[in-house]
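Here's the structure we're looking at; comments come further down.
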Amino acid sequence: MTESEAALVTRVVTDDDQAAFELLVRRYQSPLRNFLRRLARNDADRADDLAQETFVKLYTSIATYRGQAKFATWLYRIAYNTFLNDQRSRVAEVEFDEAHHSPVADSAPSASDEADVDAALLKLSARQRAVFDLHYKKGMTHHEVANVLELPLGTVKSDLARGLDRLKEIFKDRERD
Amino acid sequence: MDTMDARLEVALRKSETAIGDDGFTEVVMNGLPRKSHGGVKARRWTLAGAAAAGSVLTSVLGAPLESVFSTLVLGSGYSMAILAALLFIGSLAGPVAWVLYSK
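These protein sequence lines map, in sequence, to chains A and Z. In terms of the numbering used here, the first sequence is residues 1 to 177. In terms of the numbering used here, the second sequence is residues 1 to 103.
Here it is as structure tokens:
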């Protein structure tokens with residue numbers, strides 16, 4: 001039986017149990033790095049740096065975890081805020097990315113819908129990418145996504161609806177080409 | 001739901017490819033800040049030392065203190081129990097406050 005996240009957190013807090021923290025990192029490294037890669041537009045190095053920073057922040061603040069929120073909610077919130085802070089420090093680069101870089105248009109035609117969707121998601125804003133990843137890939141409810149990203153529920157729903165419309169447009173364009 | 005919606009839904013919900021650890025966890029663990037254990041250790045030793053010192057002092061000074069207390073009680077309106085309680089609280093207050101409020 002796998003030990004719950006709450007039990008592992010308790011071991012870290014009460015005994016400074018490094019093995020327990022290592023288990024948490026191993027358990028969450030893949031979904032967290034995937035989440036950050038999506039936010040960082042597939043920049044794997046940047047995403048991994050942010051993931052590492054997220055785990056360090058998690059470790060230094062772990063004593064403040066009270067268990068009211070799901071562990072994953074807390075972790076992804078730290079990750080998203082870490083990404084936003086990094087994004088703010090890269091304003092010039094981001095403006096270039098958002099305004100001129102077009103990963104979908106630049107990429108080679110994909111063989112599968114999944115690859116098409118992954119590429120099309122890069123056309124959405126960072127917040128929309130976060131909303132889509134948490135809802136569709138991490139299986140979170142609208143409420144949970146709103147909680148992680150500290151957004152109103154209506155914003156999450158409209159981000160999903162607008163994002164889907166945008167994805168459909170991109171899909172249609174690709175099929176016409 | 002039209003075909004486009006269905007295809008999008010399926011593609012979006014398809015589980016993502018797992019990223020292999022490839023030493024990532026090790027890098028994270030090596031990058032964690034070292035926590036200072038000095039405070040915790042000092043507090044444990046202080047408590048143990050205080051308990052030992054208290055036991056020794058009680059056994060050595062118990063009888064003489066009792067006679068002093070008896071004299072004081074005779075010369076004042078306070079009972080011996082009250083004086084003993086005040087002395088006990090006074091001797092514990094400092095270490096307890098330090099243990100509770102130090103980080």
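In this text, a Cβ means the ideal position worked out from N, Cα and C, and glycines have one as well.
Proximity below 7 Å, CB of residue i to CB of residue j
| i | j | result |
| --- | --- | --- |
| Asp-190 of chain A | Arg-38 of chain A | Here chain A covers residues 1 to 177 and nothing more, so residue 190 of chain A does not appear. |
| Leu-122 of chain A | Arg-27 of chain A | no |
| Leu-8 of chain A | Leu-24 of chain A | yes |
| Ala-120 of chain A | Leu-167 of chain A | yes |
| Ala-47 of chain A | Arg-66 of chain A | no |
| Glu-16 of chain Z | Lys-137 of chain A | yes |
| Asn-147 of chain A | Thr-64 of chain A | no |
Cβ of residue i within 7 Å of any chain A Cβ
| i | result |
| --- | --- |
| Val-28 of chain Z | yes |
| Ala-18 of chain Z | yes |
| Thr-25 of chain Z | yes |
| Ala-85 of chain Z | no |
| Ala-6 of chain Z | no |
| Arg-44 of chain Z | no |
| Arg-13 of chain Z | yes |
| Leu-32 of chain Z | yes |
| Tyr-101 of chain Z | no |
Burial state of residue i (16 or more Cβ within 10 Å)
| i | result |
| --- | --- |
| Gly-90 of chain Z | exposed |
| Tyr-101 of chain Z | exposed |
| Val-68 of chain Z | exposed |
| Val-56 of chain Z | exposed |
| Trp-45 of chain Z | exposed |
| Asp-118 of chain A | buried |
| Ala-93 of chain Z | exposed |
| Glu-226 of chain A | Within the shown structure, residues of chain A are numbered from 1 to 177, placing residue 226 of chain A beyond reach of any answer. |
| Ala-97 of chain Z | exposed |
| Pro-152 of chain A | exposed |
| Thr-82 of chain A | buried |
| Ser-102 of chain A | Below a pLDDT of 50, predicted positions are generally treated as unreliable, and Ser-102 of chain A, at 44, falls in that range; no measurement from the model is reported. |
| Leu-75 of chain A | buried |
| Gln-29 of chain A | buried |
| Ala-11 of chain Z | buried |
| Ala-85 of chain Z | exposed |
| Glu-5 of chain A | buried |
| Leu-107 of chain Z | This structure cannot settle anything about residue 107 of chain Z, because the visible part of chain Z is limited to 1 through 103. |
Length of the line joining the Cα atoms of residue i and residue j
| i | j | result |
| --- | --- | --- |
| Ala-79 of chain A | Arg-90 of chain A | 17 Å |
| Thr-54 of chain A | Gly-54 of chain Z | 47 Å |
| Val-13 of chain A | Leu-74 of chain Z | 53 Å |
| Asp-173 of chain A | Glu-9 of chain Z | 18 Å |
| Ala-48 of chain Z | Pro-64 of chain Z | 25 Å |
| Glu-175 of chain A | Ala-161 of chain A | 21 Å |
| Phe-171 of chain A | Thr-3 of chain Z | 12 Å |
| Asp-45 of chain A | Asp-15 of chain A | 33 Å |
| Arg-77 of chain A | Glu-169 of chain A | 30 Å |
| Leu-32 of chain Z | Ala-19 of chain A | 13 Å |
| Glu-3 of chain A | Val-60 of chain Z | 51 Å |
| Gly-62 of chain Z | Val-99 of chain Z | 26 Å |
Residue i at chain Z interface by Cβ criterion, 7 Å
| i | result |
| --- | --- |
| Asn-34 of chain A | yes |
| Tyr-59 of chain A | yes |
| Tyr-28 of chain A | no |
| Ala-6 of chain A | no |
| Leu-23 of chain A | no |
| Leu-167 of chain A | yes |
| Lys-137 of chain A | yes |
| Asp-177 of chain A | no |
| Gln-52 of chain A | yes |
Can we say the stretch 120-132 of chain A touches the stretch 153-169 of chain A, given the rule of at least three CB pairs closer than 8 Å?
Contact holds: three or more Cβ-Cβ distances are below 8 Å.
Within 8 Å, do at least three Cβ pairs link the stretch 45-53 of chain A to the stretch 12-31 of chain Z?
With a cut-off of 8 Å, the stretch 45-53 of chain A and the stretch 12-31 of chain Z count as touching, because enough Cβ pairs lie within range.
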